[in-house]
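Novice: Counting from 59, one number per residue, gives the positions in the sequence shown under the working numbering.
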Amino acid sequence: MASESFHRQALDPGRLPPRKTLEAPVEQGALLSGMAKGQHLTVRTRGCDTWLLFYGLEGRGFFRSPSDEVVYAPTGSVSLYAPHTAQEYGPLVGEHWKIHWSHFIARQNWLSWLKLLPPTAIPGLSQIMVEHAPTHAHLVRTFGELHRCARLGGIWWTEYAMNALERILLHVCQNLKTEEGHPTDPRIRAAMEWIAARPNRTTSVGELARRAHLSSSRFAHLFREQTGRTVSQVIRRTRLEESARMLETGSSTVADVAGALGFASPFHFSRQFKSQFGLSPTEHRARARGAMPAP
């Protein structure tokens, strides 16, 4: 997923429809969502009280400001209007623009995420392109979940819908940049997810590199550049965090936990655990179960 200059791509102005003067109604409700396809042209000169999210599935659309700035929305684009932003959007002439959309009132903890989306030439409109096929598939599934839950309504289904929307926003925003400020490479993100899902597996740099279709040296360099850590450091941290959960919630002995997660010996495990968390595995379990006071 990366920010592109696609919103400034040259296009025949004749593909833009004439301005529409009839105002669309202002959408009401804390959460509305759906899928649209066709020649829908919408104008709201005062915007609305909610955020408005789009995800392009087919065809190409456009956004136009009152001052005639134009931003294009191809397939795979995520676009977001802030509240009270003048809105004019629709498909290009001759195209059927198929989109997922959602009007929503952002929860307080979402606001810092939404600010991360790259701004466009239209004030109040942000946009980014999804280029990674697994990310696209994930977003399509989660939008489907959002629509189903929103249609069911009621307090619990609405919460499920808000949860789906939150996962959409997290998936888009968390992958904009790494902590080191580089654009996130989807191959490294996939490797991180692979490691996190298999804490008990011995995973080599070579295996991850093959999955990413890179040489081992190139993969190792890119991984370190993107995450700030080596593959072995990430695997070690993942195993230790999983061991902490096992000690907190299970009845396995320290030796059993060490063996299950592939540590060379209980002594080696205990030494690494204490180096990471400042407590031995036995002390960690005792504290988690209230048998040892916190400092």
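Beta carbons are placed, not taken as given, at the ideal position from N, Cα and C, and that holds for glycine.
For the region 280-311, which segments carrying the alpha helix (DSSP H) assignment without a break, of at least 4 residues, lie completely within its bounds, in sequence order?
Specialist: Listed in chain order, they are 289-307.
Novice: Looking only at its chain, what residues have a beta carbon closer than 7 Å to the beta carbon of Lys78, apart from the 5 residues adjacent to it on each side?
Specialist: Result list for Lys78: Leu99 and Val101, in chain order.
Novice: Return helix, strand or coil for Ala49, following the three-state DSSP convention.
Specialist: This structure cannot settle anything about residue 49, because the visible part of the chain is limited to 59 through 353.
Novice: Given this structure, state the Cα-to-Cα distance separating Arg268 from Cys231, to the nearest angstrom.
Specialist: Going by the C-alpha atoms only, they are around 27 Å apart.
Novice: With distances taken Cα to Cα, identify the nearest neighbour of Arg104 among Val84, Gly92 and Ala144.
Specialist: Taking only the C-alpha atoms, the option nearest Arg104 is Ala144.
Novice: Using a 10 Å radius around the Cβ and a threshold of 16 neighbouring Cβ atoms, would you call Thr285 buried or exposed?
Specialist: Thr285 comes out buried.
Novice: Helix, strand or coil: how does DSSP classify Trp155 here?
Specialist: Of the three classes helix, strand and coil, the one that applies to Trp155 here is coil, per DSSP.
Novice: Would you mind working out which of Met93, Arg122 and Val292 sits nearest Arg73, comparing C-alpha positions?
Specialist: With distances taken between Cα atoms, Arg73 lies closest to Arg122.
Novice: Quick check: the region 204-215 against the region 85-92, are at least 3 beta-carbon pairs closer than 8 Å?
Specialist: In short, these stretches touch, since the Cβ pair count reaches three.
Novice: Could you compute how far the alpha carbon of Arg276 sits from the alpha carbon of Pro176?
Specialist: If I take the Cα positions, the gap works out to 29 Å.
Novice: Could you tell me if Gly336 is buried or exposed, where buried requires 16 or more neighbouring beta carbons within 10 angstroms of its beta carbon?
Specialist: Result: exposed.
Novice: Among residues of its own chain, excluding the 5 on either side of Ala131, which ones have a beta-carbon nearer than 6 Å to its beta-carbon?
Specialist: Excluding sequence neighbours, Ala131 sits near Gly114, Gly119 and Ser137.
Novice: Within its chain, find whatever has a CB closer than 7 Å to the CB of Gly264; leave out the 5 residues flanking it on each side and keep chain order.
Specialist: Excluding positions up to five away in sequence, the list reads Ser274.
Novice: Helix, strand or coil: how does DSSP classify Arg122 here?
Specialist: If DSSP states are grouped into helix, strand and coil, Arg122 belongs with the strands.
Novice: Taking Cβ positions, are Glu153 and Gly117 nearer each other than 8 Å?
Specialist: Yes, these two residues count as a Cβ contact at 8 Å.
Novice: Going by DSSP in three states, His196 sits in which element: helix, strand or coil?
Specialist: If DSSP states are grouped into helix, strand and coil, His196 belongs with the helices.
Novice: DSSP three-state label for Leu46, please.
Specialist: Only positions 59 to 353 of the chain appear in this structure, which leaves residue 46 out of reach.
Novice: Just the C-alpha distance for Ile293 and Leu80, rounded to the nearest angstrom, thanks.
Specialist: Ile293 and Leu80: Cα-Cα distance of roughly 58 Å.
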